[in-house]
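Residue numbers (my numbering), protein chains in the order written: chain S, 570 to 788; chain A, 115 to 339; chain Z, 330 to 581.
The C-beta atom is built at its ideal place from N, Cα and C for all residues, glycine as well.
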């Protein structure tokens with residue numbers, strides 16, 4: 570067992586998942602915080618689903634959609650792209666599980682920004698995109714970062730959906746969480762314990778940092 | 115020349131304001147809850163009326179019949195809210211320059227010297243007094259080169275001795291920059307000092323409009339219809 | 330949105346197929362209990378000139394569900410017939426490729442510090458065994474087998490109230506090793522790896538349930554020849570030696 574390889578792989582996937590989920594997550598959070606539109610409740614519900622569904626269920630849905638027989642998988646296969654049972658499935662599972670956490674935290678951050686600032690900026694001639702990038706985003710920034718760190722931590726610990734759609738393939742898709750489970754299942758408690766310590770340490774650091782950020786309120 | 119003919123319903127509150135005015139400084143006067151801020155917000159483009167027309171010098175900012183509703187960033191209207199709302203994550207200079215438009219903005223030095231805020235330009239926003247924040251917010255609005263200036267209770271959040279010091283700046287803006295002011299106030303004295311025209315609102319409707327002296331008299335406490 | 334799309338595209342581009350390797354790799358989904366044995370067998374296979382095996386170890390029911398839902402698996406080795414049957418029912422097994430690869434036996438283990446050799450299975454009803462861990466008979470193959478055996482020996486009703494169902498047979502073994510259970514019914518092959526538990530009773534082949542590990546090639550495989558090559562190796566004398574080393578039986 571290569572603790573370093575498993576750790577590096579898991580952290581790399583979690584970072585990729587977080588980066589992938591930031592732009593859409595922040596955009597959705599802002600829209601939910603600031604705009605009324607038909608279908609708003611639907612969007613809120615869809616985004617919260619991965620938080621509420623059992624992870625295995627989420628994994629199964631991903632598997633059905635992305636495998637060779639699935640709606641999206643069929644298209645991917647014709648392009649020669651494989652997702653199921655590869656690292657891409659790991660990143661995707663982590664991203665989907667982290668998205669609701671990012672959206673919730675970022676949304677709260679945007680809602681805390683006094684709308685007056687955005688209104689004044691608008692009267693000063695700033696179009697909505699400039700208002701977003703120069704006023705809303707900077708003022709909500711600590712919450713967005715906290716949300717990103719939460720999504721990262723969630724990705725690190727992600728197991729249920731990952732194991733379904735990415736499998737447990739040593740060297741290719743075995744993350745920390747999946748490896749701990751595998752070693753425990755085959756009686757290799759010492760290896761499992763070593764991975765557990767690494768996993769817990771990283772998660773602890775990530776959450777501690779996120780809490781510190783959330784404690785710093787925007788002016 | 116400002117033409118207003120707007121109707122707006124929010125919950126149980128109904129706003130129905132028709133007024134035309136052309137003054138250098140127009141006050142919208144009335145008790146709280148009479149719809150003053152809502153009217154101001156409508157002119158600024160922060161609130162769309164249900165029906166009606168808002169025209170400035172013939173240019174339609176809003177017209178329900180012609181389906182015009184200019185977003186606020188295109189209305190060239192300066193706005194100083196009651197709570198001032200200086201951007202907390204920028205220093206004074208960046209606040210002032212936020213709305214600067216190369217073609218239409220006055221030079222920064224001119225605005226800064228007129229409002230006597232030279233020494234504040236490189237300060238952080240958090241450590242300023244109420245009067246200083248007021249002037250900076252005024253400067254920020256002026257720097258965007260507006261064709262109209264809206265102020266919501268410009269002297270309300272400032273204590274009485276300070277009011278006498280802020281008022282001259284507003285008069286200066288009115289006189290030196292030839293910029294029409296429209297401001298909201300529930301203070302009789304404020305209206306008499308600054309405005310040459312007043313629109314009196316009561317429960318969402320115009321109760322009277324005309325010169326301050328005629329309507330408000332020289333006796334504080336009487337409101338002549 | 331744009332940044333995500335670009336990232337994804339770059340990633341996909343970077344992992345485009347590099348060209349055909351010598352021997353194509355195959356993906357083998359196999360029950361967790363076969364981890365050590367199959368990993369060793371794959372090494373032997375490679376030494377004998379075979380290709381790379383990508384193993385996907387997991388719970389048999391999860392593995393079956395993955396295959397039924399279109400996961401790209403070439404060979405499936407299950408811990409019980411029921412999971413293999415579900416894949417067969419979905420029409421996903423290659424015709425006539427299914428074989429019974431391995432057998433196993435149940436064993437009763439007890440904590441090291443309370444070693445005993447049972448004379449009959451009836452000894453399990455003794456006072457000392459108040460908590461007996463087994464895999465959940467509702468979900469785990471080992472649990473199903475344990476229940477079958479106890480019923481056959483007429484001990485089920487007596488022992489059932491003392492049973493502690495676990496999510497896996499591994500968890501049952503851990504319970505005994507940790508001292509949380511007084512005994513556990515596990516596979517003989519699991520008992521081999523235990524450090525703080527010993528075997529008290531091995532279920533005789535003629536009394537115990539037929540524990541069989543079926544293997545089959547998945548119909549949608551892209552490498553049928555390679556999958557067959559590996560399956561043939563597992564059934565060969567060389568493969569059999571590896572499995573017997575780990576405590577499995579070979580069906581005659």
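Local Cβ density within 10 Å of residue i, reported as buried at 16 or more and exposed below that
i	result
residue 216/A	exposed
residue 136/A	exposed
residue 221/A	exposed
residue 438/Z	buried
residue 780/S	exposed
residue 614/S	exposed
residue 115/A	exposed
residue 446/Z	exposed
residue 311/A	buried
residue 698/S	exposed
residue 560/Z	buried
residue 259/A	buried
residue 691/S	buried
residue 480/Z	exposed
residue 348/Z	Any reading at residue 348/Z must be qualified, since the residue scores a pLDDT of 47, below 50, and its modelled position is unreliable; no value is offered.
residue 145/A	exposed
residue 688/S	buried
residue 339/A	Its pLDDT being 39, under 50, residue 339/A is placed unreliably by the model, and nothing is read from it.
residue 357/Z	buried
residue 476/Z	buried
Within 8 Å, strictly: CB atoms of residue i and residue j
i	j	result
residue 355/Z	residue 424/Z	no
residue 297/A	residue 141/A	yes
residue 426/Z	residue 545/Z	yes
residue 474/Z	residue 435/Z	yes
residue 470/Z	residue 525/Z	no
residue 583/S	residue 764/S	no
residue 512/Z	residue 458/Z	yes
residue 386/Z	residue 705/S	no
residue 627/S	residue 619/S	yes
residue 187/A	residue 696/S	yes
residue 625/S	residue 733/S	yes
residue 152/A	residue 122/A	yes
residue 662/S	residue 727/S	yes
residue 495/Z	residue 462/Z	yes
Closer than 8 Å at the beta carbon, the chain S residues around residue i
i	result
residue 197/A	685
residue 160/A	688, 691 and 692
residue 215/A	694
residue 502/Z	756
9 Å Cβ cut-off: residues of chain S touching residue i
i	result
residue 399/Z	632, 633, 635, 636, 637, 638, 639, 642 and 653
residue 258/A	692, 693 and 694
residue 342/A	Here chain A covers residues 115 to 339 and nothing more, so residue 342/A does not appear.
residue 192/A	692 and 693
residue 522/Z	755, 756 and 757
Among the options, the one whose alpha carbon lies nearest that of residue i
i	options	result
residue 612/S	621/S, 625/S and 598/S	598/S
residue 392/Z	378/Z, 412/Z and 381/Z	412/Z
residue 416/Z	395/Z, 552/Z, 562/Z and 542/Z	395/Z
residue 373/Z	465/Z, 492/Z and 563/Z	563/Z
residue 670/S	591/S, 772/S and 770/S	591/S
residue 708/S	678/S, 688/S and 626/S	678/S
residue 498/Z	379/Z, 401/Z and 472/Z	472/Z
residue 138/A	261/A, 243/A, 132/A and 322/A	261/A
Integer-rounded CB distance, given that residue j should sit under 8 Å from residue i
i	j	result
residue 269/A	residue 252/A	With 8 Å as the limit, residue 269/A and residue 252/A do not qualify as a contact, their Cβ atoms being about 12 Å apart.
residue 167/A	residue 236/A	Not quite, the Cβ-Cβ distance comes to about 44 Å (not below 8 Å), so this is no contact.
residue 295/A	residue 263/A	5 Å
residue 399/Z	residue 759/S	Their Cβ separation, rounded to whole angstroms, is 37 Å, which puts residue 399/Z and residue 759/S out of contact at 8 Å.
Residue i: contacting residues in chain Z (beta-carbon distance under 7 Å)
i	result
residue 754/S	361, 497 and 499
residue 738/S	383, 384 and 385
residue 782/S	What residue 782/S touches in chain Z: nothing, since even the nearest Cβ is about 22 Å away.
Per-residue contacts from residue i into chain A (C-beta, under 7 Å)
i	result
residue 707/S	203
Proximal residues of chain S, C-beta to C-beta of residue i below 7 Å
i	result
residue 186/A	691 and 692
residue 518/Z	Here the premise fails: no neighbours, minimum Cβ distance about 10 Å.
residue 356/Z	654
Proximal residues of chain Z, C-beta to C-beta of residue i below 8 Å
i	result
residue 732/S	387 and 391
residue 629/S	394 and 398
residue 751/S	361, 364 and 386
residue 662/S	Those do not exist, as residue 662/S stays about 13 Å from chain Z at its closest Cβ, beyond 8 Å.
residue 741/S	383
Per-residue contacts from residue i into chain A (C-beta, under 8 Å)
i	result
residue 704/S	201
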